[in-house]
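Engineer: Position one of the sequence shown corresponds to residue 9 (our numbering), numbered consecutively onward.
Ideal placement from N, C-alpha and C gives every residue a C-beta, glycine not left out.
Dropping the structure in here first, questions after.
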Amino acid sequence: MATAGKMPAERDDMIGAVDIGGTKIAVGIVDNQGKVLSKMEAPTDPNRYSDSIELIAHMLRKTSQRAGSEIEGIGIGSTGPVEPMSGQFGDVDFLPGWRAKNPVNDLAQIFSVRAALENDGDAAALAEAGWGAGRNRKRLIYVTVGTGIGGGIILDGQLYRGVDGAHPEIGHHVVDPNGPECTCGFRGCWESLAAGPAMVAWIEANAPANYEHRGRLTAKAICQLARGRDRTALQAVEHEAFYLGLGVANLINLFTPDAIVLSGSVMKSADLFLERIHSLIRSGCRFVPAEKTKLTLASLGEDTNLIGAARVWHYRFGEGK
Ligand SMILES: [Zn+2]
9 MATAGKMPAE
19 RDDMIGAVDI
29 GGTKIAVGIV
39 DNQGKVLSKM
49 EAPTDPNRYS
59 DSIELIAHML
69 RKTSQRAGSE
79 IEGIGIGSTG
89 PVEPMSGQFG
99 DVDFLPGWRA
109 KNPVNDLAQI
119 FSVRAALEND
129 GDAAALAEAG
139 WGAGRNRKRL
149 IYVTVGTGIG
159 GGIILDGQLY
169 RGVDGAHPEI
179 GHHVVDPNGP
189 ECTCGFRGCW
199 ESLAAGPAMV
209 AWIEANAPAN
219 YEHRGRLTAK
229 AICQLARGRD
239 RTALQAVEHE
249 AFYLGLGVAN
259 LINLFTPDAI
269 VLSGSVMKSA
279 DLFLERIHSL
289 IRSGCRFVPA
299 EKTKLTLASL
309 GEDTNLIGAA
319 RVWHYRFGEG
329 K
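Now the structure itself:
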């Protein structure tokens, strides 16, 4: 909230941002232009929620000290499922101790400020729409490709929410019903065929028996090998680009958005995939003006999720809301 006596134009709105992932929690102070002023991170404790809240509070105090500012509000982005409007955690597989807990209420009480929570894909989508590559794009789909595929959808400047505020799972639309089994219940989801681990799995299943790099590869290493013209790695990249392209083309056919913003660790090698993705879009999106959908890379860098957490606060409580 604005400090009493300040004019609206001088508001600082230094937001304490909390990004809760399955393996680490990042905390930082983000100004009202989306700039990270200070940050810290710690491993996520999947079982002990109370200790985790104390740790987050400690990191918020430390980072606000370092930034030399008071926290005006707290924004949280988290791996899901979470209930954005109540702030309560749902049935998050790998955070059993957090189930039904409410970090929004707990942190708001500790710091006596307003707090808000969104799924981390939605938080990052809000950040790219507000401060990043999606600025001035009314219809935007944010896609992050890393160990999984997630994202968020912004329509006419508003975060798209499903029934009861549910977060749609774009990584779990099926691109090959004969594909690998997925934990969601289907086979051949986009995530199971195009996230980083799928590249490694493809090599394990298809590389020649004597392939020297077998058994110790990551998606990043495969991309590096492909740059060195390694034949097997190039095939893996072609396979990856094909499935990335199918998913992106599906999103264009379904939504015809102004922009699709691509992010995540696999997209650090986007130059290896983009040409193929564009050619798939040209061949398969003939009934929509696909050439008008801009395919762009996320612009906020590795702090996108943290910046997104801060943007959650602005989206919920900021000017004009
Ligand atoms: Zn799935």
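1. With DSSP as the reference, please indicate the residues paired to Tyr8 in a beta bridge.
2. May I ask you to report which of helix, strand or coil DSSP gives Val320?
3. Taking the C-alpha atoms as reference points, what is the distance between Val35 and Leu163?
4. Identify every run of the alpha helix (DSSP H) within the region 74-136, keeping only runs that are complete inside it and at least 4 residues long; order them along the chain.
5. What does a CB cutoff of less than 6 Å around Glu310 pick up in its chain, not counting 5 residues either side in sequence?
6. Going by other Cβ atoms of all chains shown within 10 Å of its Cβ, with 16 needed for buried, is Val269 buried or exposed?
7. Pop quiz: Thr155 and Ala203 are said to be a contact at Cβ under 8 Å. What is the actual Cβ separation, rounded to whole angstroms?
8. Does at least one heavy atom of ligand 1 sit under 8 Å from the Cβ of Thr87?
9. Quick one: Cα of Gly142 to Cα of Leu148, how far?
10. Can you tell me whether Leu262 is buried or exposed? The criterion is at least 16 other CB atoms within 10 Å of its CB, across all chains shown.
11. I'd like the ranges of any beta strand (DSSP E) spanning at least 3 consecutive residues and lying wholly in the region 245-290.
12. Please confirm if Val35 has its CB atom under 9 Å from at least one CB of chain D.
13. Could you check the C-alpha separation between Ser271 and Thr31 for me, to the nearest Å?
14. CB-CB under 7 Å to Val296, same chain, minus the five flanking residues each way: which ones, in chain order?
15. On a Cα-Cα basis, can you pick out the residue from Leu167, Pro205, Gly179, Asp172 that is closest to Cys197?
16. Consult DSSP for Ser46 and reduce its assignment to one of helix, strand or coil.
17. Between the C-alpha atoms of Gly165 and Pro216, what's the straight-line distance to the nearest angstrom?
18. Which partner residues does Asp311 have in the DSSP bridge list?
19. Could you give the distance in angstroms between the alpha-carbon of Arg239 and the alpha-carbon of Phe250?
20. Measuring straight from C-alpha to C-alpha, what distance separates Ala50 and Asp128?
21. Run the proximity test for Phe194: is its beta-carbon closer than 8 Å to any non-hydrogen atom belonging to ligand 1?
Structural biologist: Reading off the structure:
1. What the structure shows of the chain is the stretch from 9 to 329, and residue 8 is not part of that stretch, so it cannot be assessed.
2. Taking the first residue of the sequence shown as 1, we reach residue 320 at position 312. It is helical.
3. One-based indexing of the sequence shown puts residue 35 at position 27. One-based indexing of the sequence shown puts residue 163 at position 155. Those two C-alpha atoms are separated by around 28 Å.
4. The qualifying runs are 111-119.
5. Indexing the sequence shown from 1 puts residue 310 at position 302. Correct list: empty, nothing qualifies.
6. In the sequence shown, the residue the question calls residue 269 occupies position 261. Buried is the label assigned to Val269, since at least 16 other Cβ atoms lie within 10 Å of its Cβ.
7. Translated into the one-based positions of the sequence shown, residue 155 becomes position 147. Translated into the one-based positions of the sequence shown, residue 203 becomes position 195. Confirmed, about 6 Å.
8. Locating residue 87 in the sequence shown gives position 79, where the first residue counts as 1. Ligand 1 has no heavy atom closer than 8 Å to the beta-carbon of Thr87.
9. Looking up residue 142 in the sequence shown gives position 134. Looking up residue 148 in the sequence shown gives position 140. Roughly 7 Å between the two C-alpha positions.
10. Stepping through the sequence shown from its first residue, residue 262 is reached at position 254. Leu262 comes out exposed.
11. Counting only unbroken stretches of 3 or more residues, the beta strand (DSSP E) elements lying wholly within the region 245-290 are 267-271, in sequence order.
12. Absent here is chain D; the protein component of the structure consists of one chain.
13. As a working note, residue 271 is residue 263 in the sequence shown. As a working note, residue 31 is residue 23 in the sequence shown. Whole-angstrom Cα-Cα distance: 19 Å.
14. The sequence position of residue 296 within the sequence shown is 288, counting from 1. Only Ile260, Asn261, Thr264 meet the Cβ criterion.
15. Taking the sequence shown and counting its residues from 1, one reaches residue 197 at position 189. Among Leu167, Pro205, Gly179, Asp172, the Cα nearest to that of Cys197 is on Gly179.
16. Stepping through the sequence shown from its first residue, residue 46 is reached at position 38. Reduced to three states, the DSSP call for Ser46 is strand.
17. Taking the first residue of the sequence shown as 1, we reach residue 165 at position 157. Taking the first residue of the sequence shown as 1, we reach residue 216 at position 208. Cα to Cα, Gly165 sits roughly 49 Å from Pro216.
18. Looking up residue 311 in the sequence shown gives position 303. None, per the DSSP bridge assignment.
19. What you label residue 239 is simply residue 231 of the sequence shown in a count that begins at 1. What you label residue 250 is simply residue 242 of the sequence shown in a count that begins at 1. Approximately 17 Å, taken between the alpha carbons.
20. Residue 50 sits at position 42 when you count from the first residue of the sequence shown. Residue 128 sits at position 120 when you count from the first residue of the sequence shown. Near 17 Å, if we compare the C-alpha coordinates of Asp128 and Ala50.
21. Reading the sequence shown from its first residue, position 186 is the one you call residue 194. Under cutoff, so the answer is yes.
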